[in-house]
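A.B. asks: Residue numbers (UniProt numbering), protein chains in the order written: chain A, 1 to 517; chain B, 1 to 465.
Think of the CB as a built atom: it goes at the ideal place given N, C-alpha and C, for glycine as much as any other residue.
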Amino acid sequence: MSAIQGIEVPKWGLSMEEGTLSNWLIAEGDSFKAHQEICEIETSKISNVMEAPFDGVLRRIVAKPGETLPVGGLLGVVADASVPDAEIDAFIASRSQTNGAPAPAVAAAPSPAAAPPASAPKADAPAAAQASRPSESTQASVEPAGATQVPQPLLGKTDAGSVFATPHALRLANELGIDLGKVNGSGRGGRISLQDLENAIVSQGGRLATRQPVRRNAGPPRSRADDSRIPATPLARRLAVKLGVNLNDCRATGSHGRVCQADVELVHHARQENLPAPQQALVHVPDNSSFGTQPLSAMRRAIAARLQESKRNAPHYRLTVDLDLERMLSLRQEINASVPGVKVSVNDLLIKACAQALLKVPDVNVQYDEASQSIRRYADADIAVAVALPAGLITPIVRAANRKSIAEISEEMHRLATKAKAGTLKPDEFQGGTFSLSNLGMLGVRQFDAIINPPQAAILAIGAGEQRVVVHEGEIAIRNQVTVSLSCDHRVIDGALGATFLQELKRLVQAPTLMLA
Amino acid sequence: MTNDYDVLIIGGGPGGYVAAIRAAQLGLRTAVVEKQHLGGICLNWGCIPTKALLRGAEVAHTLANLEQFGFAVENPRFDIGKLVQHSRTVSAKLTSGIEYLMNKNGIEVIRGRARLIDKCMVAVTDDKTEIRLRAAHIILATGARPRALPGIEADGERIWTYFQALVPKELPKSLLVVGSGAIGMEFASLYNDLGCEVTLVELAERIMPQEDAEVAALVHKQFEKRGIRIHTSAALAAVDKGGEQLDCRLRLTNGSEQSLAVERVLLAAGIQANIEDIGLEALGVVTERGFIKTDQWCRTNVFGLYAIGDVAGAPCLAHKASHEAVICVEKLAGLEGVHPLDRDYIPGCTYSRPQVASLGLTEEQARAKGHTLKIGRFNYQANGKALAMGEAEGFVKAIFDADSGELLGAHMVGPEVTEQIQGFGIAHSLEATDESLQKVIFAHPTLSEAMHEAVLAACGQALHQ
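Okay, structure coming up:
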């Protein structure tokens, strides 16, 4: 172990590439133990508390609250109190050289959007980027999904007086009904850490639940339980949300046994005393050049990162076909003219057709898990549909479109598109998806190629439906047609497979009654 | 095809313009189509200009009672033209305020008449041109107009609707008001205070049939005291316009007839929704008794089509329209925590003298619903502030469910009660009980102390009566 060590941005999930330091829970000069909570870090997905990887003394804080660093970026420096400051400086300097991009440089462009408050109502702008989040479990792939299973031998009740364990280990043991007396401690003086407890569970044949994002803090308790049923005055309830106070943590001294304003404020103040003083905002450097500089919004950054990754990693190829729309248009006309409560668009019908075609050619209805070198196959077609917004785009998802009627798809798409524009989509409405549609037909584009939305493996780009002169049944005819292009990830979808999908899609579009079959 | 707007609203009244502002606030591309004036009936021909005229009536009433306060004014002159001008100025000011709000929120205001021509599509015509607009969501907020009486046509000269009653060129000597809803009551009170001989005709057994019977009875008595003649259980059967005066024939429910001669007749027997010529039939929009049928989120039976305010049914009140506007827009935008409108608890105010304000169930309705009641009353005669103002006619009546303590209804008649009813509204909205209201400290001396006393009385603990 070297005398000087760095505390670095941890990698909490497959897709985690950077983290924003939101708060230090210890100050420079504080000593800490391994597994002690030392700071809070926010990613585009979660906000979590970082536990110390080892014991030590925090000599220098490198990352200030609000700074965004790549995974592995230097947050702080740990060294024995005897190590001179000059050596610490040298360590930081050497780190910023070996990092290539020096940490402070990355951190130099924090925008207000870089660290949105976790409770921002506009359900996370990094929407597009997250559009293809496979599932919670793959984020933390080191831990198997599902509930924690405690092996029989560990069950029991901890005698708190007789074991030496961290508060976290004690709390988890109580939650899971584990006797800590049966767990070996590896910490100083045989102290049992959370890690020891988790190791014990796994080594005895149990399994661990996916770790939930937790925001913990030293000091007063912080419940995470649902507090919607705790009786409280309207004022107290609102204040609690604003201050991030869980009503479970409050006394209830109001009328009728309700939590009142004073109860919430008490908890909040108790917490304030335990928090380090808020840091000063970073100085903004004015720009005198002839162009205006606009920091990327969180959504823009997400789009940029995600699509760059896709274009770089996924070997795209495209297949283009023309679809005859005549029968689909008359089906649409017939539905719309006869049912007041339904208005079906060509796009709605194409969503349905894609869903049915994906069921027929299930090898296209997949996601590619690059890290585990595996293909995830899905039974239902969750169709992500790109919706343009003034500030970017987002892909709300019509789940299990194969099981929905055309009217249901139309109603859902109408609802989701408006929610997208109002910024009220919930994460489960835009994350995931097994296939994407992008339609630029309304803007008069005849044909285009779209970039795959990873970890999906294919996307269909739809052009404008228009009258074209074509040869139809041996005659020159004017027919309504549309050109669509399928972009596929060749790593998992070969050319013939993509073509088979398009063949099936064409069959359904040109004989839409088959979609009912 | 792309949509021109996320939300397009037809009608710029208190339903339509509020819907537009809320939609724009939520980041939706929004437009309002208005054929005449932004602000609708409320700002131009209803709530606001009548209040301006009623302020004049209040001045007249004060002048008539100067002596009580030690003043004497010889022969005060009155120019009704100036009062009307005041009323129009106020309307114009507020209407331009709405223009400002539309601008500020980036809402496009399209002048013309809108007609639905397809789902999510309207045609807007002005004098010369027709444009077609597509919108993901279309909200109908076309409002309502005075209901026509069979056989009696409002000619706008001698037989009026509120449109003419708001801008009289001169004060008629006598006026027959048909209908004793809020509109009829306010104009009867107004013209009486200004010195006109007023007769009020109501088809129901009592005036103000929507209000609590005790309240209506007190207003009836007060109106008669002021010299307003009231005929209940009576209908205006015919008007003979042959003579210099209008010869009006009243038919009573018991079959007898009565006739009287007046200078002007004001038809105020309800309103009817503006559902014609907006393309409802072609799209198969379902209507019910002349109003567009909607669900709890203001949705019609047609895809992407909504209706709010008067056109979507009673009560035809501006604040109901505005409230529905917010519900409708927030719901379609996918906001969480939207609550449907509770039609039983929309406050109603009548700005006659005395004023009437109410919320929730009448005593009769509450009994019919099977509640065990706890009722408290308090008379303004025992309220210091009311006596000091010299306006102590009236009372507060609070109705609670005896078991749950829920505030079922509140009925107020008397000085400035329209400004006070919100206290009960807040209490009901926060589900306060009789007990929680008892504990509130009301400032002294205020008119609102009567509310507190009524609550205390309901619990058998009144202090000042």
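Excluding five sequence neighbours on each side, which residues of the same chain lie with their C-beta closer than 6 Å to the C-beta of A:Q5?
C.D. replies: Here the set comprises V78.
A.B. asks: Rounded to whole angstroms, how far is the Cβ of B:E363 from the Cβ of B:I375, which I believe are closer than 8 Å?
C.D. replies: The Cβ separation is near 7 Å, so the contact holds.
A.B. asks: In angstroms with no decimal places, state the Cα-to-Cα distance between B:A123 and B:I10.
C.D. replies: Roughly 11 Å between the two C-alpha positions.
A.B. asks: Mind the definition here: the stretch 27-34 of chain B touches the stretch 107-115 of chain B only if three or more C-beta pairs lie below 8 Å; say whether that holds.
C.D. replies: As far as the Cβ criterion goes, the stretch 27-34 of chain B touches the stretch 107-115 of chain B, which means the pair count is three or higher.
A.B. asks: By the three-class DSSP mapping on this structure, what secondary structure does B:H411 have?
C.D. replies: The answer is strand: DSSP assigns B:H411 an E or B state.
A.B. asks: Judging by CA-CA distance, which residue of A:R237, A:H490, A:L325, A:I451 is the nearest neighbour of A:H472?
C.D. replies: When only C-alpha atoms are compared, the closest one is A:L325.
A.B. asks: Quick check: what's the CA-CA separation for A:S436 versus A:L359?
C.D. replies: Taking the straight line from one Cα to the other gives about 15 Å.
A.B. asks: Would you say A:M299 lies against chain B (beta-carbon separation less than 8 Å)?
C.D. replies: Taking Cβ atoms only, chain B never reaches closer than 8 Å to A:M299, which makes this a no.
A.B. asks: According to DSSP, is A:A517 part of a helix, a strand, or is it coil?
C.D. replies: Residue state, collapsed to three classes: coil.
A.B. asks: Leaving aside the five residues before and after A:G190 along the sequence, list all residues of the same chain whose C-beta is less than 7 Å from its C-beta, in chain order.
C.D. replies: Cβ within range, chain order: F164.
A.B. asks: Using DSSP with H/G/I as helix, E/B as strand and the rest coil, what is A:W24?
C.D. replies: Reduced to three states, the DSSP call for A:W24 is strand.
A.B. asks: Ordered along the chain, which non-local residues of its own chain (more than five positions away) have a Cβ less than 6 Å from that of B:D350?
C.D. replies: According to the sequence provided, residue 350 of chain B is Thr. The question's Asp does not apply to it. Around B:T350: A182, M185, V356.
A.B. asks: Cβ-heavy atom distance between B:A217 and the ligand GDP below 7 Å?
C.D. replies: The ligand GDP is absent from the structure shown, which contains no ligands of any kind.
A.B. asks: Quick check on A:L425: does DSSP put it in helix, strand or coil?
C.D. replies: In this structure, A:L425 counts as coil in the three-state DSSP scheme.
A.B. asks: Are the Cβ atoms of B:V18 and B:P49 separated by less than 8 Å?
C.D. replies: No.
A.B. asks: To the nearest angstrom, how far is the alpha carbon of A:D263 from that of B:L430?
C.D. replies: In a straight line, the C-alpha of A:D263 is about 20 Å away from that of B:L430.
A.B. asks: Tell me the start and end of each unbroken alpha helix (DSSP H) in the stretch 310-378 of chain B that is at least 4 residues and wholly inside, in chain order.
C.D. replies: You should have 318-332, 363-368.
A.B. asks: Look at the alpha carbon of B:H220 and the alpha carbon of B:T253, and state the distance between them as a whole number of angstroms.
C.D. replies: Distance between the alpha carbons of B:H220 and B:T253: 19 Å.
A.B. asks: Report the neighbours of A:T418 on chain B: residues whose CB is nearer than 9 Å to its CB, in chain order.
C.D. replies: Those within 9 Å of A:T418 in chain B are D6, V7, L28, A136, H137, L332, A333, G334.
A.B. asks: If you draw a straight line from the alpha carbon of B:S322 to that of B:A307, how long is it in whole angstroms?
C.D. replies: One C-alpha to the other measures close to 12 Å.
A.B. asks: From the DSSP output, in three-state form, read off B:D127 for me.
C.D. replies: Three-state DSSP puts B:D127 in coil, outside helix and strand.
A.B. asks: Leaving out five residues on either side along the sequence, give the residues of the same chain with a beta carbon under 6 Å from the beta carbon of A:Q503.
C.D. replies: Excluding positions up to five away in sequence, the list is empty.
A.B. asks: So A:C39 is in the beta strand (DSSP E); what residue range does that whole segment cover?
C.D. replies: Run containing A:C39: 37-42, per the beta strand (DSSP E) assignment.
A.B. asks: Quick check: the Cα distance between A:V49 and A:W24, rounded to an integer number of angstroms?
C.D. replies: Rounded to whole angstroms, A:V49 to A:W24 spans 10 Å at the Cα level.
A.B. asks: What does B:K119 reach in chain A if we use C-beta pairs closer than 7 Å?
C.D. replies: Ordered by position in chain A, the residues that pass the 7 Å Cβ test against B:K119 are N336, K343.
A.B. asks: Pairing CB atoms from the stretch 148-163 of chain B with CB atoms from the stretch 314-331 of chain B, are three or more of them under 8 Å?
C.D. replies: Short answer: they don't touch.
A.B. asks: Looking only at C-alpha atoms, which of A:D382, A:A401, A:L389 sits nearest to A:T418?
C.D. replies: Comparing Cα-Cα distances from A:T418 to each of A:D382, A:A401, A:L389, the minimum goes to A:L389.
A.B. asks: Taking its Cβ as the centre, do 16 or more other Cβ atoms sit within 10 Å of B:Y100, making it buried, or is it exposed?
C.D. replies: Per the 10 Å Cβ criterion, exposed.
A.B. asks: Rounded to a whole number of angstroms, what is the C-alpha to C-alpha distance between A:V344 and A:I351?
C.D. replies: Computed Cα separation, rounded: 11 Å.
A.B. asks: What would DSSP say about B:K51, mapped onto helix, strand or coil?
C.D. replies: Helix at B:K51.
A.B. asks: In the DSSP assignment, what are the bridge partners of A:G76?
C.D. replies: A:G76 pairs with A:I7, A:I61.
A.B. asks: Starting from B:Y162, trace the alpha helix (DSSP H) in both directions and tell me its first and last residue.
C.D. replies: First-last of the alpha helix (DSSP H) with B:Y162: 162-165.
A.B. asks: Could you have a look at B:C42 and say whether DSSP puts it in helix, strand or coil?
C.D. replies: B:C42 falls in the helix class under three-state DSSP.
A.B. asks: Do you know offhand how far A:A496's Cα is from A:L349's?
C.D. replies: Taking the straight line from one Cα to the other gives about 25 Å.
A.B. asks: Using 8 Å for Cβ pairs, my map puts A:P455 next to A:F430. What's the rounded Cβ distance?
C.D. replies: Incorrect: roughly 15 Å between the Cβ atoms, too far for contact.
A.B. asks: Given this structure, state the Cα-to-Cα distance separating B:V177 from B:F395, to the nearest angstrom.
C.D. replies: So the alpha carbons of these two residues sit roughly 26 Å apart.
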